[in-house]
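The end of the sequence shown is residue 1130 by the working numbering, with every number in the run present.
Glycine included, every Cβ here is placed at the ideal spot set by N, Cα and C.
Inspection log for the structure reproduced underneath, given as structure tokens.
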Amino acid sequence: MEETMEDITVAEEESVDTNDMPEKQEPTAAEKIAKLLQEMRSQKRELLAVMDFCREEHTSEEIDEMLAPYKEHRRSVYDGMAIRSLLEKAGALVYHANDEQPEEVANENGDLVLPEPSVGTWSSTEAAIECCDADDPYGELVKAMNDAQGPAEAYALVLAICDDENQTASAISQRLQESGVLEGDNHDPIYFVSKLEEIEALEWRGYWTTTDLGRRYLAQING
908 MEETMEDITV AEEESVDTND MPEKQEPTAA EKIAKLLQEM RSQKRELLAV
958 MDFCREEHTS EEIDEMLAPY KEHRRSVYDG MAIRSLLEKA GALVYHANDE
1008 QPEEVANENG DLVLPEPSVG TWSSTEAAIE CCDADDPYGE LVKAMNDAQG
1058 PAEAYALVLA ICDDENQTAS AISQRLQESG VLEGDNHDPI YFVSKLEEIE
1108 ALEWRGYWTT TDLGRRYLAQ ING
């Protein structure tokens, strides 16, 4: 009986040795950290702050205290525990449990009591430290602005008015519309606020204000 092309194809498929197929590569810690920072841009500064802080070992309580200023003006579902969990899963943090059994000590009455158990600590991995060292927020800001949609004048105006005085979203929107820089552009004025916040040129402190990075960029384009 003559062999058909279908028979040959089936025979070839059956002869494939699955052992010869390349194994799927597990992402490295550096790749997982980069992915986490990309997916959680609104928490990026907090994530990096924890990684940088934990170059030396710190307890959960100490990390929470360090993060407190980041929570002052923003609502976030990510508390310190969630941040640590995400970083640990990405290979950025390692937890060091303290398994030592505390010895009994005498209190002021001479009774033997157990002291509070020592808590564990967190430390950054080598991949996390390398990520912190390579962090270049201003370089990222400039690249993002070069690739940004909408008129460059709109971004510059938002940075300028938020540097002069505290601004609400509605006030910024009104200033943009009155300025004429959005003529012929279809973006909502709040788009520019959101984009500038994403690249850390603006921040919310109960009002919108230009960050040091934003001021640096404004000085560069006005220079």
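In the three-state DSSP reduction, Glu933 falls in the coil class, being neither helix nor strand. When the alpha-carbon of Pro1044 is set against those of Ser1031, Arg991, Leu1120, the nearest one is in Leu1120. Among the bridge pairs identified by DSSP, Ser1030 is matched with Val1001. For Tyr1114, the CB contacts under 8 Å within the same chain, skipping 5 residues up- and downstream, are Asn1073, Gln1074, Thr1075 in chain order. The Cβ atoms of Ile1128 and Glu1047 do not sit closer than 8 Å to each other. With contact defined as three or more Cβ pairs closer than 8 Å, the segment 1050 to 1065 and the segment 959 to 974 are not in contact.
From the listed residues Tyr985, Ala937, Thr1118, Val1049, the smallest Cα separation to Leu1000 is found for Ala937. The shortest C-alpha to C-alpha distance from Leu1089 to any of Ile990, Thr1116, Gln1056 is the one to Gln1056. Listed in chain order, the non-local C-beta contacts of Gly987 below 7 Å within the same chain comprise Ser967, Ile970, Asp971, Leu974, local neighbours out to five positions each way being set aside. For the set Tyr1098, Pro934, Leu943, the Cα lying nearest the Cα of Ala1059 is the one of Tyr1098. The C-beta separation of Met958 from Leu993 comes to about 11 Å, leaving the pair out of contact by the 8 Å criterion. The three-state secondary structure of Leu1120, taken from DSSP, is helix. Apart from sequence neighbours up to five positions away, the residues of its chain that approach Leu1083 with a beta-carbon distance below 8 Å are Ala1061, Leu1064, Val1065, Leu1089, Pro1096, Phe1099, ordered along the chain. Lys1102 counts as buried, since at least 16 other C-beta atoms from the protein chains shown sit within 10 angstroms of its C-beta.
Counting other Cβ atoms within 10 Å of its Cβ, Gly998 reaches 16 or more and is therefore classed as buried. If you draw a 10 Å sphere on the C-beta of Ala1004, you find fewer than 16 other C-beta atoms in it, and that means exposed.
Under DSSP, His1094 takes part in no beta bridge, so it has no partner. The three-state secondary structure of Glu1110, taken from DSSP, is strand.
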